[in-house]
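A.B. asks: So that you can map any letter, position 311 of the sequence shown is 311 in full-length UniProt numbering, and since no number is skipped, the others follow by simple counting. Quick reminder that beta carbons are idealized off the backbone N, C-alpha and C, glycines included. What you are looking at is a predicted structure, and each value in this text was computed from that prediction instead of being measured.
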Amino acid sequence: MEPSSLSLSGIETNTGGGGMGTNSTLICAPIMGKSIDQMFIDMAKAKEIGVDIVEIRLDYLSSFSPRQDLQNLIENCTMLTLFTYRPKWEGGEYEGDDSIRIDALKLAMELGADYIDVELQVAHEFISSLDEKTREKSKIIVSSHNYHATPSVEEIGDLVARIQSTGADIVKIATTAVDVTDVARMFQIIVHSQVPFIGLVMTEKGLISRLLCPKYGGYLTFGTLEEGVVSAPGQPTIKDLLDKYNLRHIGADTKVFGIIGKPVGHSKSPLLFNKAFKSVGFNGVYVPFLVDDLAKFLATYASADFAGFSCTIPHKEAALKCCDEVDPIAKLIGAVNTIVRIPSDGKLIGYNTDYIGAISSIEDGMRGSNKIYQGTGSPLAGKLSVVIGTGGAGKALAYGAKANGVRVVIANRTYEHARGLADLVRGDAVTLAQLETFRPGDGMILANTTSIGMQPKIKETPIPKHALSAYAMGFDVVYTPKMTRLLLEAEESGATVVTGVEMFIGQAYEQYERFTGLPAPKELFRETMSKL
1 MEPSSLSLSG IETNTGGGGM GTNSTLICAP IMGKSIDQMF IDMAKAKEIG
51 VDIVEIRLDY LSSFSPRQDL QNLIENCTML TLFTYRPKWE GGEYEGDDSI
101 RIDALKLAME LGADYIDVEL QVAHEFISSL DEKTREKSKI IVSSHNYHAT
151 PSVEEIGDLV ARIQSTGADI VKIATTAVDV TDVARMFQII VHSQVPFIGL
201 VMTEKGLISR LLCPKYGGYL TFGTLEEGVV SAPGQPTIKD LLDKYNLRHI
251 GADTKVFGII GKPVGHSKSP LLFNKAFKSV GFNGVYVPFL VDDLAKFLAT
301 YASADFAGFS CTIPHKEAAL KCCDEVDPIA KLIGAVNTIV RIPSDGKLIG
351 YNTDYIGAIS SIEDGMRGSN KIYQGTGSPL AGKLSVVIGT GGAGKALAYG
401 AKANGVRVVI ANRTYEHARG LADLVRGDAV TLAQLETFRP GDGMILANTT
451 SIGMQPKIKE TPIPKHALSA YAMGFDVVYT PKMTRLLLEA EESGATVVTG
501 VEMFIGQAYE QYERFTGLPA PKELFRETMS KL
């Protein structure tokens with residue numbers, strides 16, 4: 001299928017509710033203890049953090065006495081219970097006789113389980129074998145898992161029909177995201193489903209299926225008690241669902257914003273924006289989009305509900321070409337880091353807030369350091385700045401520096417790339433290797449705009465320590481970690497340093513105002529970032 005045929009532009013998600021309030025989507029925590037005692041410990045944690053339902057994964061138990069253990073779990077659990085006994089052939093841990101597994105699920109129903117999960121492959125036989133009394137005791141989820149891909153809308157629709165034909169109370173389909181646009185197909189199925197539907201797309205590229213499922217009417221979403229301890233790839237933590245993404249407040253008419261990048265998991269933007277949205281009662285959610293192909297992504301998520309995006313590495317230059325209109329400054333810089341969709345006609349407008357964030361943070365750092373600046377006007381005027389990198393952030397900083405009277409030198413691994421950007425800002429160019437001996441004078445400004453030194457490669461630095469003594473100020477766009485190796489060594493060499501957090505906050509102010517039409521809660525932004 002072409003991306004346009006998967007577009008969410010034709011989906012109407014506003015079904016009459018869904019404002020800022022509690023939605024009906026259940027939050028479920030998988031309980032995967034190897035013993036019954038460990039399961040009870042984990043269930044207590046789940047209860048404490050606000051879970052609605054626990055999925056008790058019987059296939060993880062090292063030893064299992066069905067009647068005794070099931071009765072104990074059902075009678076002593078204070079939340080809704082979902083029992084799953086997943087075999088190896090469907091991605092679970094159980095390798096024994098299937099009849100024993102099936103009998104255990106039937107017994108769970110007889111003893112009062114709220115829900116049981118049974119695989120499509122055995123569901124028809126399982127459900128038809130139940131007597132009427134047992135059948136009425138529990139809701140049956142019939143599930144299908146695809147660990148390789150996400151089928152077409154037509155294929156998923158056929159799968160739904162097959163699951164419904166078994167007599168399922170609830171349909172569950174879990175697929176795998178090869179691309180973030182795969183999730184759109186699942187959203188299309190969920191929003192048109194006439195039966196309770198759990199539709200999840202696994203892996204990090206499918207994360208939005210878990211975060212946005214209340215918007216499309218998903219029956220349930222899963223979250224883990226601890227980071228990394230997952231029952232399926234791509235599960236977020238319960239804490240993140242509740243606190244970072246405000247899942248309880250997502251509804252059909254919630255506007256979706258997000259950060260587009262690769263990688264994107266390190267970004268603090270979701271925490272920052274969602275806290276701000278919640279603080280003023282703005283009905284929006286901000287999520288991470290792990291994107292390979294920007295044009296395909298924008299063509300797929302084309303509805304007015306997807307109202308704005310932040311663009312980060314490596315999509316800032318591509319964003320320039322994907323927008324219908326581009327702000328003159330962003331066009332001059334050659335990079336877009338902010339995309340806003342006009343509700344009336346769906347046009348995408350591109351802006352660049354990076355240069356504002358970078359220049360203002362460097363100026364503030366210089367003003368706060370008496371050894372660098374003691375005057376009025378821009379403290380950058382007349383200074384020499386070395387800008388490392390020629391990507392979107394490098395272009396933004398070089399343009400902003402030049403506009404403030406700075407003599408700009410562009411450094412890059414490849415001289416031709418450095419020369420190309422230097423020509424645009426009428427500056428000079430050097431290679432990264434040449435920076436080791438580059439010293440036209442003292443009191444220079446050094447600005448790293450590459451991802452060198454970002455987690456997890458925190459021991460990397462673009463320039464050796466012995467070359468840093470010529471600089472009065474060091475700046476790094478990387479903010480995970482806050483103090484990169486470059487900044488630590490610059491500080492040890494006597495330079496004033498400005499972290500990427502300052503730029504991040506500065507550019508986020510303007511993004512927030514463009515997204516919402518509201519003044520940015522600057523104190524909240526600073527307070528949030530100071531706690532990270």
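If contact is defined by three or more beta carbon pairs under 8 Å, each pair taking one atom from either stretch, is the stretch 235 to 253 in contact with the stretch 281 to 293?
C.D. replies: With the cut-off at 8 Å, the stretch 281 to 293 and the stretch 235 to 253 touch.
A.B. asks: Please give the ranges of any alpha helix (DSSP H) in the stretch 321 to 381, keeping only runs that are unbroken, at least 4 residues long and fully inside the region.
C.D. replies: Counting only runs of 4 or more, we get 328 to 333 and 354 to 367.
A.B. asks: Hey, how far is the Cα of TYR219 from the Cα of GLY308?
C.D. replies: Each residue's Cα considered, the two are about 26 Å apart.
A.B. asks: Between which residues of its own chain and PHE515 is the CB-CB distance below 6 Å, once the five residues before and five after are set aside?
C.D. replies: Once the five neighbours on either side are set aside, the close Cβ partners of PHE515 are PHE257 and GLY308.
A.B. asks: On the CB-based measure, 16 or more other CB atoms within 10 Å of its CB, does ASP354 come out buried or exposed?
C.D. replies: Counting Cβ neighbours within 10 Å, ASP354 comes out buried, since at least 16 surround it.
A.B. asks: Using the C-alpha atoms, what's the distance from ILE333 back to ARG439?
C.D. replies: Approximately 27 Å, taken between the alpha carbons.
A.B. asks: Would you mind sorting SER193 into buried or exposed? The rule is 16 or more other CB atoms within 10 Å of its CB.
C.D. replies: Buried, since its Cβ has 16 or more Cβ neighbours within 10 Å.
A.B. asks: Please report the straight-line C-alpha distance between ILE410 and LYS268, rounded to a whole angstrom.
C.D. replies: Going from the Cα of ILE410 to the Cα of LYS268 covers about 28 Å.
A.B. asks: Give me the Cβ distance between GLY33 and TYR60, rounded to the nearest whole Å; I'm assuming they're in contact under 8 Å.
C.D. replies: About 7 Å; that satisfies the 8 Å criterion.
A.B. asks: Should the stretch 110 to 118 be called in touch with the stretch 151 to 158, which here means at least 3 C-beta pairs below 8 Å?
C.D. replies: With a cut-off of 8 Å, the stretch 151 to 158 and the stretch 110 to 118 do not count as touching, because too few Cβ pairs lie within range.
A.B. asks: Classify HIS466: buried if its beta carbon has 16 or more other beta carbons within 10 angstroms, exposed otherwise.
C.D. replies: By the neighbour-count rule (16 or more Cβ atoms within 10 Å), HIS466 is not buried but exposed.
A.B. asks: Is it a yes or a no for the stretch 179 to 188 touching the stretch 163 to 170, going by three-plus beta-carbon pairs under 8 Å?
C.D. replies: With a cut-off of 8 Å, the stretch 163 to 170 and the stretch 179 to 188 do not count as touching, because too few Cβ pairs lie within range.
A.B. asks: From ILE208 to HIS266, what distance separates their C-alpha atoms?
C.D. replies: Each residue's Cα considered, the two are about 16 Å apart.
A.B. asks: Whose CA, out of ILE356, GLU204, THR414 and GLY377, lies closest to the CA of ASP292?
C.D. replies: Residue GLU204 is the option with its Cα nearest to ASP292.
A.B. asks: Three-state secondary structure (DSSP) at CYS213?
C.D. replies: Three-state DSSP puts CYS213 in a helix.
A.B. asks: Identify the residues that DSSP records as bridge partners of MET32: which are they?
C.D. replies: MET32 pairs with nothing; no bridge assigned.
A.B. asks: Going by beta carbon distance, what residues of the same chain come within less than 6 Å of ALA104, once the five residues before and after it are set aside?
C.D. replies: So the qualifying residues of the chain are PRO66 and TYR85.
A.B. asks: Ignore the nearest five residues each way along the sequence and tell me which others in GLU460's own chain have a CB closer than 6 Å to its CB.
C.D. replies: Excluding sequence neighbours, GLU460 sits near ILE452 and GLY453.
A.B. asks: Kindly indicate which three-state DSSP category HIS124 falls into: helix, strand or coil?
C.D. replies: If DSSP states are grouped into helix, strand and coil, HIS124 belongs with the helices.
A.B. asks: Figure out for me which residue from LYS88, TYR115 and CYS323 has the closest Cα to the Cα of ALA299.
C.D. replies: Looking at the Cα atoms, CYS323 is the closest of the given residues.
A.B. asks: Less than 8 Å separating the beta-carbons of residue 533 and VAL340?
C.D. replies: Since the first and last residues shown for the chain are 1 and 532, residue 533 lies out of range.
A.B. asks: Return the first residue and the last residue of the alpha helix (DSSP H) that LYS278 is part of.
C.D. replies: 269 to 280 is the extent of the alpha helix (DSSP H) around LYS278.
A.B. asks: Indicate whether SER310 and LEU524 have their beta-carbon atoms separated by less than 8 Å.
C.D. replies: Contact flag unset, no.
A.B. asks: Terminal residues of the continuous alpha helix (DSSP H) containing PRO66?
C.D. replies: Taken as a continuous stretch (DSSP letters only), the alpha helix (DSSP H) holding PRO66 covers 66 to 76.
A.B. asks: Nearest CA to the CA of ASN448: which residue from ILE388, ALA418 and GLY382?
C.D. replies: Of the listed residues, the one whose Cα sits closest to ASN448 is ILE388.
A.B. asks: Give the DSSP-derived three-state secondary structure of ARG57 in the structure shown.
C.D. replies: Residue state, collapsed to three classes: strand.
A.B. asks: Any idea if THR78 is buried or exposed, counting beta-carbon neighbours within 10 angstroms, 16 or more meaning buried?
C.D. replies: So THR78 ends up on the exposed side.
A.B. asks: So VAL201 and VAL183 are supposed to be a Cβ contact under 8 Å. How far apart are they, rounded?
C.D. replies: That belief holds up - the Cβ atoms of VAL201 and VAL183 are roughly 5 Å apart, short of 8 Å.
A.B. asks: Is it the case that the stretch 496 to 509 contacts the stretch 474 to 481, given that we only count it when at least three CB pairs across the two stretches are under 8 Å?
C.D. replies: Taking 8 Å as the limit for Cβ pairs, the verdict is that the stretch 496 to 509 does touch the stretch 474 to 481.
A.B. asks: With a Cβ-Cβ cutoff of 8 Å, do GLY157 and ILE189 count as a contact?
C.D. replies: Yes, the Cβ-Cβ distance between GLY157 and ILE189 is below 8 Å.
A.B. asks: Would LEU82 and ILE53 qualify as a contact pair, given that the criterion is a beta-carbon distance under 8 Å?
C.D. replies: Against a cut-off of 8 Å, the Cβ pair of ILE53 and LEU82 comes out as a contact.
A.B. asks: Verify the contact flag: VAL498, CB atom, against every heavy atom of the ligand ADP, threshold strictly below 7 Å.
C.D. replies: This structure lacks the ligand ADP, and indeed carries no ligand of any kind.
A.B. asks: If you draw a straight line from the alpha carbon of GLN511 to that of THR338, how long is it in whole angstroms?
C.D. replies: Distance between the alpha carbons of GLN511 and THR338: 7 Å.
A.B. asks: With H, G and I counted as helix, E and B as strand and the rest as coil, what does DSSP make of TYR286?
C.D. replies: The answer is strand: DSSP assigns TYR286 an E or B state.
A.B. asks: Locate the beta strand (DSSP E) running through GLU119, then write down its first and last residues.
C.D. replies: Segment 115 to 119, the beta strand (DSSP E) holding GLU119.
A.B. asks: Name, in chain order, the residues that DSSP records as bridge partners for PRO87.
C.D. replies: Paired residues: TYR94.
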